[in-house]
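Under UniProt numbering, read the sequence shown as residues 1 to 190, first letter to last.
We put the CB at the ideal spot given by N, CA and C, even for glycine.
The structure appears right after this line, and notes come after that.
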Amino acid sequence: MKDLFTGLITSKTRIRILMRLFLNPEGNAYLRELAEEFAVSPSQVKEELSQLSQAGLLESEKQGRQIHYRANRRHPLFPELHSMVHKALGMDRIIDSVIERLGRLELAFLLDDYAEGRDTGIIDLGLVGDIDPVNLGDLVRKTERYIGRKIRTLVLSREEYERMRPVLEKRPLLRLWAHRETPQRQLGAA
């Protein structure tokens, strides 16, 4: 998973913060939340948040008594870090393989924990289109071994997706890929 980063960054807490905030740059987190999630002391998290903020990689905003941090999308390294996080989690490989081998993919999205940037070890991946279930099962098994995570897939036709969209939109959802010929408004803001 984080092997991509461990040679470059020696602090495991810093890697986890980057993974958490750069997987879903729309999300944010505060110090105690991260300390509990990572099972480390708040002082460790505070030090890393300070360094990442000083480097300009994170933005912060006070909300009540808490300071919420998020990825700084305006930082020149943002696109590369965002891409590296996706690669470290194997998202790029999954999507490329689905597009190449599994039929006509219209939309791919993450649900729940990973959509919020939480690395829980189980990836909930939604796929909309005409997907070959046999090849998908084979791809999921191979990718799980490669990335060291469990992948649960939700495969929907366009019609099924449209029916389920109101329910899906109430859950954390992060679009990974959409076919450029499919109008975005037809597939929602996923």
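Distance check for residue j and residue i, CA to CA, integer angstroms please.
i           : j      : result
Arg32       : Asp132 : 43 angstroms
residue 198 : Gln54  : Nothing about residue 198 can be reported from this structure: the residues present for the chain run from 1 to 190 only.
Leu168      : Val140 : 22 angstroms
Asn135      : Leu102 : 6 angstroms
Lys12       : Glu100 : 34 angstroms
Pro79       : Arg73  : 8 angstroms
Glu65       : Leu34  : The amino acid at residue 65 is misidentified as Glu; the sequence shows Arg. When rounded, the distance between both Cα atoms is 16 angstroms.
Arg149      : Leu125 : 12 angstroms
Glu152      : Leu81  : A small correction: the amino acid at residue 152 is Arg; Glu does not occupy that position in the sequence shown. Approximately 25 angstroms, taken between the alpha carbons.
Leu105      : Arg145 : 23 angstroms
Glu159      : Lys142 : 29 angstroms
What is the residue span of the alpha helix (DSSP H) that residue i lies within?
i      : result
Thr13  : Lys12 to Leu23
Thr143 : Pro133 to Ile147
Leu81  : Phe78 to Ala88
Glu169 : That residue, Glu169, is in no alpha helix (DSSP H); it is neither H nor E in DSSP.
Give me, in chain order, the residues of the same chain whose beta-carbon lies closer than 6 angstroms to that of residue i; leave out the 5 immediate sequence neighbours on both sides.
i      : result
Ala108 : Ile95, Leu127, Leu176 and Trp177
Asp119 : Met19
Arg16  : Phe38
Val155 : Leu127 and Ile131
Tyr161 : Val128
Gly121 : Arg149
Could you check what DSSP says for residue i in three-state terms: helix, strand or coil?
i      : result
Val40  : coil
Ser50  : helix
Asp96  : helix
Glu106 : strand
Ala29  : strand
Met164 : helix
Arg175 : strand
Quick one: what's got a C-beta closer than 8 angstroms to residue i's C-beta in the same chain, skipping five residues either side?
i     : result
Arg14 : Glu48, Gln51 and Leu52
Leu21 : Gly27, Asn28, Ala29, Leu58, Tyr69, Arg70, Ala71 and Gly117
Val40 : Thr13
Can you tell me which residues form a DSSP beta bridge with residue i?
i      : result
Thr153 : Leu125
Glu61  : His68
Tyr114 : Tyr114 is not bridged to any residue.
Trp130 : Contrary to the premise, residue 130 reads as Asp rather than Trp in this sequence. DSSP lists Arg104 as partners of Asp130.
Closer than 7 angstroms by C-beta to residue i: which residues in its own chain qualify, once you throw out the five before and the five after it? Chain order, please.
i      : result
Leu174 : Asn24, Phe109, Leu110 and Ala115
Arg171 : Leu111 and Asp112
Gly56  : Asn72 and His75
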